[in-house]
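**Q**
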Amino acid sequence: MSKMLYNDAIMERDNVVDIEDRAYQFGDGVYEVIGVYDGEPLMMDEHMERLERSARELRLTLPVSTTELKNNLEKLVEANGLQEGIIYMQVSRGIASREHEFPNPETPAVTVAYTREEVRQSDVEDEGRPAVLVEDIRWLRCDIKTLNLLPNVMAKQKAVENNAVEAILHRGDIVTEASASNVFMVKNGELYTHPADNYILNGITRRKIIQLCDELDLKVNEQTYTVNDLLNADEVFISATKLDIIPILRVDDQTIGDGKPGKITKQVLQSFRSLYQKSVRNKV
Ligand code: PDD
Numbered sequence: 340m341s342k343m344l345y346n347d348a349i350m351e352r353d354n355v356v357d358i359e360d361r362a363y364q365f366g367d368g369v370y371e372v373i374g375v376y377d378g379e380p381l382m383m384d385e386h387m388e389r390l391e392r393s394a395r396e397l398r399l400t401l402p403v404s405t406t407e408l409k410n411n412l413e414k415l416v417e418a419n420g421l422q423e424g425i426i427y428m429q430v431s432r433g434i435a436s437r438e439h440e441f442p443n444p445e446t447p448a449v450t451v452a453y454t455r456e457e458v459r460q461s462d463v464e465d466e467g468r469p470a471v472l473v474e475d476i477r478w479l480r481c482d483i484k485t486l487n488l489l490p491n492v493m494a495k496q497k498a499v500e501n502n503a504v505e506a507i508l509h510r511g512d513i514v515t516e517a518s519a520s521n522v523f524m525v526k527n528g529e530l531y532t533h534p535a536d537n538y539i540l541n542g543i544t545r546r547k548i549i550q551l552c553d554e555l556d557l558k559v560n561e562q563t564y565t566v567n568d569l570l571n572a573d574e575v576f577i578s579a580t581k582l583d584i585i586p587i588l589r590v591d592d593q594t595i596g597d598g599k600p601g602k603i604t605k606q607v608l609q610s611f612r613s614l615y616q617k618s619v620r621n622k623v
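So, in structure tokens, the structure goes:
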């Protein structure tokens, strides 16, 4: 059995869930998923910064500094000898008698983390996959990475039942993001993605892509676009931790572009891959 982090201690992964942990009963907590490549977490500082923000927005006090947390997570990766995969970590508002309101402020938050080996699916990244459209019925603070993921779960299930890789969400006419990833479309050589407001999670991968596009001299428009725009795009791709970038070849029954991974998508993917290939090279 692999090891987990429970607050400050690295221990055997065991059944440590308390039935009155607020994460368990209310989804009252925040989380992060961090990619690990060749034993190295990718963009850890950015994930820690986002965790801090999510916690602040929910008035949840992190039990330790993010520097300390980062150290603990690195120790966990080492303890598990993880080379390629993810770190999942969450912080809940703690364990207290079940009442909806916040517990006594003395109640310590509970941090748990574990790692999972996951081999990168480069064939999926190279080939692309279809997606489906699902109405976005989530709350209006999608910018906070909370444990409440039921609408995302329902949407992703619909994708799987339709042999699709993702469910692209739309609020009325406007494309927001996907059940567990951000969405980009390409039209006439320019990229478009929903602005980082309360309707989407500002993905760490999304931000990195925007930065890479700048270096590649590709224009990214952080502006809203419609379902119709999406269906008539030249290229569409999704982005998230570990999934990295997946070209979307079809949305429901509509083929995107010529039904193959697009030129700009491939360029962005190549540039993203060189990020972790570079970190591997630097280590050697
Ligand atoms: N999900 N949007 C949503 C709703 C997400 O759940 C995710 C990530 C993203 C992409 O964010 P990032 O690039 O920081 O991973 C966008 C993670 C991977 C998950 O819940 O498993």
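Counting from 340, one number per residue, gives the positions in the sequence shown under the numbering used here. Glycine included, every Cβ here is placed at the ideal spot set by N, Cα and C.
Here's the rule: buried if 16 or more other CB atoms are within 10 angstroms of the residue's CB, otherwise exposed. What is Gln496?
**A** Its Cβ having fewer than 16 others within 10 Å, Gln496 is exposed.
**Q** Check this for me: beta carbons of Leu486 and Ala362, under 7 Å apart or not?
**A** Cβ atoms of Leu486 and Ala362: closer than 7 Å.
**Q** Answer with yes or no whether the minimum CB distance from Val403 to chain C is below 7 Å.
**A** In the displayed structure, chain C is absent; only one protein chain is listed.
**Q** Compute every distance between the C-beta of Glu554 and the non-hydrogen atoms of the ligand PDD, then say whether any falls below 6 Å.
**A** Result no, Cβ not under 6 Å from the ligand PDD.
**Q** Please state whether DSSP places Lys484 in a helix, a strand or coil.
**A** Lys484 falls in the coil class under three-state DSSP.
**Q** Run the proximity test for Ser520: is its beta-carbon closer than 6 Å to any non-hydrogen atom belonging to the ligand PDD?
**A** Ser520: yes, Cβ under 6 Å from the ligand PDD.
**Q** For Val607, I'd like the list of residues in its chain whose CB is within less than 7 Å of its CB, leaving aside the five on either flank, ordered along the chain.
**A** Here the set comprises Ile548, Leu551, Cys552 and Ile584.
**Q** Got a sec, what are the start and stop residues for the alpha helix (DSSP H) Asn590 sits in?
**A** Correcting the residue identity first, residue 590 is Val in this sequence and not Asn. Premise fails: Val590 lies in the beta strand (DSSP E), Asp583 to Val590, not in any alpha helix (DSSP H).
**Q** Hey, how far is the Cα of Glu379 from the Cα of Asn443?
**A** If you take the alpha carbons of Glu379 and Asn443, they lie about 38 Å apart.
**Q** Quick check on the burial criterion: 16 or more other C-beta atoms within 10 angstroms. Buried or exposed for Arg398?
**A** Counting Cβ neighbours within 10 Å, Arg398 comes out exposed, since fewer than 16 surround it.
**Q** For the ligand PDD, is there a heavy atom less than 6 Å away from the beta-carbon of Gly542?
**A** Result yes, Cβ under 6 Å from the ligand PDD.
**Q** Enumerate in chain order the residues of its own chain whose CB-to-CB distance from His439 is below 8 Å, with the five nearest sequence positions on each side excluded.
**A** For His439, where only same-chain residues beyond five positions count, the Cβ hits under 8 Å are Phe365.
**Q** Any contact of the stretch 516–535 with the stretch 568–583, i.e. 3+ C-beta pairs under 8 Å?
**A** Yes, the stretch 516–535 is in contact with the stretch 568–583.
**Q** Less than 7 Å separating the beta-carbons of Gly433 and Pro600?
**A** In this structure, Pro600 does not lie closer than 7 Å to Gly433 by Cβ.
**Q** So which of Ala498, Val451 and Val522 has the shortest CA-CA distance to Leu570?
**A** It is Val522.
**Q** What is the DSSP secondary structure of Asn571, reduced to helix, strand or coil?
**A** Reduced to three states, the DSSP call for Asn571 is coil.
**Q** Between Glu456 and Gly424, how many whole angstroms is the CB-CB distance? I'm expecting something under 8 Å.
**A** Contact flag correct, Cβ pair sits at about 4 Å.
**Q** Shorter than 6 Å, the distance from the beta carbon of Thr580 to the closest heavy atom of the ligand PDD, or not?
**A** Yes, since a heavy atom of the ligand PDD falls inside the 6 Å radius drawn around the Cβ of Thr580.
**Q** Would you kindly report the start and end of the unbroken alpha helix (DSSP H) that includes Tyr564?
**A** First-last for Tyr564: undefined, no H or E at that position.
**Q** Note the first and the last residue of the continuous alpha helix (DSSP H) segment covering Gln496.
**A** Residues Leu489 to Glu500.
**Q** Return the first residue and the last residue of the alpha helix (DSSP H) that Asn411 is part of.
**A** Run containing Asn411: Thr405 to Ala418, per the alpha helix (DSSP H) assignment.
**Q** Check for me: the alpha helix (DSSP H) holding Val372 runs from which residue to which?
**A** Unbroken run through Val372 is the beta strand (DSSP E), Gly368 to Tyr376; no alpha helix (DSSP H).
**Q** So, with DSSP's three-state summary, where would you put Ile401?
**A** Reading off the sequence shown, one finds Leu at residue 401, where the question assumed Ile. Looking at Leu401 - three-state DSSP - the assignment turns out to be coil, as it is neither helix nor strand.
**Q** Which one of Thr544, Glu417 and Leu421 has the shortest CA to CA distance from Ser610?
**A** Measuring from the Cα of Ser610, the nearest candidate turns out to be Thr544.
**Q** Let me check understanding here. Comparing Cα to Cα, which of Gln616, Leu401, Met428 and Asp536 lies closest to Leu412?
**A** Nearest C-alpha to Leu412: Met428.
**Q** Just verifying my parser: in three-state terms, what is the DSSP assignment at Lys526?
**A** Reduced to three states, the DSSP call for Lys526 is strand.
**Q** Does DSSP classify Ile577 as helix, strand or coil?
**A** In the structure shown, Ile577 sits in a strand (DSSP, three-state: E or B).
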